[in-house]
Amino acid sequence: MMPVFKTPFNGYSVRFSPFYESRLAVATAQNFGILGNGRVHVIDLAPTGPVINELVAFDTADGVYDVAWSESHDSVLVAAIADGSIKVYDTALPPQSNPVRSLKEHAREVHGLDYNPTRRDSFLSASWDDSIKLWTLDRPASLRTFREHAYCVYSVAWNPKHADVFASASGDCTVRIWDVREPGSTMIIPGHEHEILSCDWNKYDECLIATASVDKSIKIWDVRNYRVPVSVLNGHGYAVRKIKFSPHRRNLLVSCSYDMTVCLWDFMVEDALVGRYDHHTEFAVGVDLSVLVDGLMASTGWDELVYVWQQGMDPRAS
Amino acid sequence: MREELVEMAVKFLLNPTVGRSPVGQRRLFLEKKGLTGDEIDEAFRRVPDSTSSVPFRQDINSSQGNKFKLLACSIHEIVFSFVQRLLVPTMYIVTLYPKVSDHKHILLDVAYQLFKTDVQLKSFASVHPQGAPQFSQPLVESMLTVSRPSQFSWSYAIVSIVLLIFSGAGTSMLLKKLFLPRLKSWIHKVVLEEDDDESRNSKQSLYKEAIKAAKAAAVASVDTAKASLQMLQSNKEEGRHFDVLLRRLGAHIAELRSMSITLQRLESARNASYKHTDQYSQRTSQNGLSNLSKTSVVHRDYPENFPGQMKFRTSGVSNFDSSVRPLSAPPRPSVGQHPNSYMEIMAKIQRGEKPPGIKDIDDSPPNPNQPLPNPQITPRLKPWEIARQQNSFGHTPEKVFSRPNGESRQPWWRRNNNTNGIAEAGNGMRGDSYGLRTDK
Numbered sequence: 001m002m003p004v005f006k007t008p009f010n011g012y013s014v015r016f017s018p019f020y021e022s023r024l025a026v027a028t029a030q031n032f033g034i035l036g037n038g039r040v041h042v043i044d045l046a047p048t049g050p051v052i053n054e055l056v057a058f059d060t061a062d063g064v065y066d067v068a069w070s071e072s073h074d075s076v077l078v079a080a081i082a083d084g085s086i087k088v089y090d091t092a093l094p095p096q097s098n099p100v101r102s103l104k105e106h107a108r109e110v111h112g113l114d115y116n117p118t119r120r121d122s123f124l125s126a127s128w129d130d131s132i133k134l135w136t137l138d139r140p141a142s143l144r145t146f147r148e149h150a151y152c153v154y155s156v157a158w159n160p161k162h163a164d165v166f167a168s169a170s171g172d173c174t175v176r177i178w179d180v181r182e183p184g185s186t187m188i189i190p191g192h193e194h195e196i197l198s199c200d201w202n203k204y205d206e207c208l209i210a211t212a213s214v215d216k217s218i219k220i221w222d223v224r225n226y227r228v229p230v231s232v233l234n235g236h237g238y239a240v241r242k243i244k245f246s247p248h249r250r251n252l253l254v255s256c257s258y259d260m261t262v263c264l265w266d267f268m269v270e271d272a273l274v275g276r277y278d279h280h281t282e283f284a285v286g287v288d289l290s291v292l293v294d295g296l297m298a299s300t301g302w303d304e305l306v307y308v309w310q311q312g313m314d315p316r317a318s
Numbered sequence: 001m002r003e004e005l006v007e008m009a010v011k012f013l014l015n016p017t018v019g020r021s022p023v024g025q026r027r028l029f030l031e032k033k034g035l036t037g038d039e040i041d042e043a044f045r046r047v048p049d050s051t052s053s054v055p056f057r058q059d060i061n062s063s064q065g066n067k068f069k070l071l072a073c074s075i076h077e078i079v080f081s082f083v084q085r086l087l088v089p090t091m092y093i094v095t096l097y098p099k100v101s102d103h104k105h106i107l108l109d110v111a112y113q114l115f116k117t118d119v120q121l122k123s124f125a126s127v128h129p130q131g132a133p134q135f136s137q138p139l140v141e142s143m144l145t146v147s148r149p150s151q152f153s154w155s156y157a158i159v160s161i162v163l164l165i166f167s168g169a170g171t172s173m174l175l176k177k178l179f180l181p182r183l184k185s186w187i188h189k190v191v192l193e194e195d196d197d198e199s200r201n202s203k204q205s206l207y208k209e210a211i212k213a214a215k216a217a218a219v220a221s222v223d224t225a226k227a228s229l230q231m232l233q234s235n236k237e238e239g240r241h242f243d244v245l246l247r248r249l250g251a252h253i254a255e256l257r258s259m260s261i262t263l264q265r266l267e268s269a270r271n272a273s274y275k276h277t278d279q280y281s282q283r284t285s286q287n288g289l290s291n292l293s294k295t296s297v298v299h300r301d302y303p304e305n306f307p308g309q310m311k312f313r314t315s316g317v318s319n320f321d322s323s324v325r326p327l328s329a330p331p332r333p334s335v336g337q338h339p340n341s342y343m344e345i346m347a348k349i350q351r352g353e354k355p356p357g358i359k360d361i362d363d364s365p366p367n368p369n370q371p372l373p374n375p376q377i378t379p380r381l382k383p384w385e386i387a388r389q390q391n392s393f394g395h396t397p398e399k400v401f402s403r404p405n406g407e408s409r410q411p412w413w414r415r416n417n418n419t420n421g422i423a424e425a426g427n428g429m430r431g432d433s434y435g436l437r438t439d440k
């Protein structure tokens, strides 16, 4: 049986904690994120049964579009707010003492966050003001600003092997590869003809990157030869909102789409679609795979539900 | 005899100026003054040498001091005669050459001056009526000159020197002015004649060539103007093409954007209606889940005439709404109202109305300097990092995630059909090992 968690607001993102197997953070926004408040939920899987408990919730003035756990502090998480700020929360402190930081630098909504999994000391924020900012928890101001994209930056992802390399996906239909040591982007991949909503690196081959676009396709690229994609994954009926490579399996990646389904893919196989979950009844906008537990995945959508299930099992099974 | 008149006459006669005039003239003057003949004779007797003006030549007994004066006079006479002999013919020549006409006046003036002084000196030299321009006689007779008053000889010398200088200057000037220009003009004439001939020929050819070159240049400039005009025209055309292209592309982009937005809205609206039917079916059916396929690949056929169907659905569902609501759980404050569809909220906002339930929340940090907590757990290695280490070290795979102590059975999220949590790097997993296609 797979538990489900009901959020009061429309879900936007879900992330597993890198420290606690059973802990997740959920980002939600009122009124589909158009206008209204937001809330960050920290939920915990009860070990006894398929129950999800809420540990703590933090209310925000504006919608929360993304959330990321700190890789250095087990109780700290950062939230991307629609008013352009980034809030830092400490779950060890009571809600009255939270947030512990409010980092306001972006001019528009912050849409994506990613914490560095190798260095564990810095994180990136992707904003609709066309820029990406690099932050550390101990500084109130950003370390660097990467401004090259011509349109909203929807997503950023650190390279799992090279601690200074990251990729960004933008509405200007390009993916840019950056190195924080370099002043500008080191590579531009004009991957799609439409906006690119998400990107992620393969955890076992640091040269492979996947991009998800409004054109309903997911493309796998080798940055050593980015003229032609390694693989094109078609199967979604609408724009693909988020993708994530499996931390445990080399060729596995999961995606969620506006067609309300969550799909599993093996891009090295001829028939790449290996699984599909259509438990959501609204846009499926958030999906994550647990780093600590192989096969554990979670998804959320505009239907205000958070599902956590094991790969191979039915999320709605009772 | 009146003594005072005689004395006055004597004084008069002693006057050197008077001494130069003829005797008869003196007598006449005295007679005019009213002196008698006896008185005049008495005066004459008293003045030693007043009876006759002493002729220059009759002074044989010249003293030593007069010798210099005699020499000066002789030199002067020689120079004058020479100059006079030269002047007349040169004057004649000068008049012939108009180029020297400017200097003619000067020369004439100089000659005239010379003549004048010569005449004056001649008048000094001889009261003798024979004082005619007899050039040879004065030369000879100058040797037998009588002493004269000293003033005459000194001025005579100075004047003669000045005249010498003038004459020398005059001759040199004449030479310079007359002969050299003459030579030059002659050479110039010859050269000019040659040049004229050449230049006439060359000028004609030059004119022709210049005309040709001008024509060619005009033709070339016309060509370049034409070429530049053509280039301008082509550039303008290209610019117009680009403008058209850009406009079309912009229109394309705008169309695509609007299409995607409308698609999203329509999809969400349709989903909203789906959701209503879904929940209703779930609540009504006991095992509603069995009817719905979960794990198999499902292809949904979305109707093409989307908007019409959607409208129908929403209107149909509204009845359901009122009947469904009592079945749902009592609304909790945290849950809020039943969410409206995306389109309804968009419509509300566009109308300017604020959707319900928005609270004023202050989410600023209460203590911006709140120190971050100390990490309680050391970070674990990522599965891919472990795999990399294992690959480099060649160890056999191990289980990273140890079970909690004292718990024999795994929590529900660990129970799975798949292999252990470590990936075998480099192996692609087959689809059947996922175990997803089979129903549970």
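From first to last, the protein sequence lines are chains W and H. Each residue of the first sequence is one higher than the last, beginning at 1 in full-length UniProt numbering. Each residue of the second sequence is one higher than the last, beginning at 1 in full-length UniProt numbering. Every residue gets a Cβ at the ideal spot worked out from N, C-alpha and C, and that includes glycine. Note that the structure is predicted; figures quoted are calculated from it, not measured.
In the DSSP assignment, the alpha helix (DSSP H) including residue i goes from what residue to what residue?
| i | result |
| --- | --- |
| H:W384 | 383-393 |
| H:G19 | 16-20 |
| H:A43 | 37-46 |
| W:F19 | No alpha helix (DSSP H) holds W:F19; DSSP gives it neither H nor E. |
| H:L28 | 23-33 |
Residue i touches chain W at which residues, Cβ-Cβ below 9 Å?
| i | result |
| --- | --- |
| H:S268 | F32, Y258, E282, F283, W302 |
| residue 512 of chain H | With chain H covering 1 to 440 only, the question about residue 512 of chain H has no answer from this structure. |
| H:Q376 | F19, H73, D74, S75, A92 |
Can you name the residues of chain W whose CB is closer than 8 Å to the CB of residue i?
| i | result |
| --- | --- |
| H:A387 | Y204 |
| H:N271 | M260, T281, E282, F283 |
Residue i by DSSP, collapsed to three states: which one?
| i | result |
| --- | --- |
| H:N271 | helix |
| H:M346 | helix |
| W:V180 | coil |
| H:H188 | helix |
| H:Q204 | helix |
| W:Y226 | coil |
| W:T7 | coil |
| H:S160 | helix |
| W:Q310 | strand |
| W:T60 | strand |
| W:V274 | strand |
| W:E193 | coil |
| W:W69 | strand |
| W:N31 | helix |
| W:N234 | strand |
| H:V222 | helix |
| H:G168 | helix |
| H:I361 | coil |
| H:E7 | helix |
| W:L93 | coil |
| residue 328 of chain W | Not covered by the structure: residue 328 of chain W. The range shown for chain W is 1 to 318. |
| H:L372 | coil |
Could you tell me the boundaries of the beta strand (DSSP E) in which residue i lies?
| i | result |
| --- | --- |
| W:V293 | That residue, W:V293, is in no beta strand (DSSP E); it is neither H nor E in DSSP. |
| W:L143 | Taken as a continuous stretch (DSSP letters only), W:L143 belongs to no beta strand (DSSP E), as it is neither H nor E. |
| W:F166 | 165-170 |
| W:T136 | 131-136 |
| H:T378 | Note, H:T378: premise wrong, no beta strand (DSSP E); not H, not E. |
When burial is assigned at 16 or more other CB atoms within 10 Å of the CB, is residue i buried or exposed?
| i | result |
| --- | --- |
| H:A43 | buried |
| W:M313 | buried |
| W:S13 | buried |
| H:I187 | exposed |
| W:W128 | buried |
| residue 354 of chain W | Here chain W has residues from 1 to 318 only, and residue 354 of chain W is not among them. |
| H:P355 | buried |
| W:Q30 | buried |
| W:V308 | buried |
Which residues of chain H have a Cβ atom closer than 9 Å to the Cβ of residue i, listed in chain order?
| i | result |
| --- | --- |
| W:Y238 | L263, Q264, E267 |
Quick one: is the Cβ of residue i within less than 7 Å of any heavy atom of the ligand MN?
| i | result |
| --- | --- |
| W:P117 | Here there are no bound small molecules, and the ligand MN is not part of this structure. |
### Query
Mind listing which residues of the segment 343-372 of chain H have their C-beta closer than 8 Å to chain W's C-betas, in chain order?
Here the close residues are I345, M346, I349, K354, P355, G357, I358, K359, D360, I361, D362, D363, S364, P365, P366, N367, P368, Q370, L372.
### Task
Scan the segment 283-298 of chain W for residues whose Cβ lies nearer than 9 Å to a Cβ of chain H and list them as they occur along the chain.
Answer in chain order: F283, S290, V291, L292, V293, D294, G295, L296.
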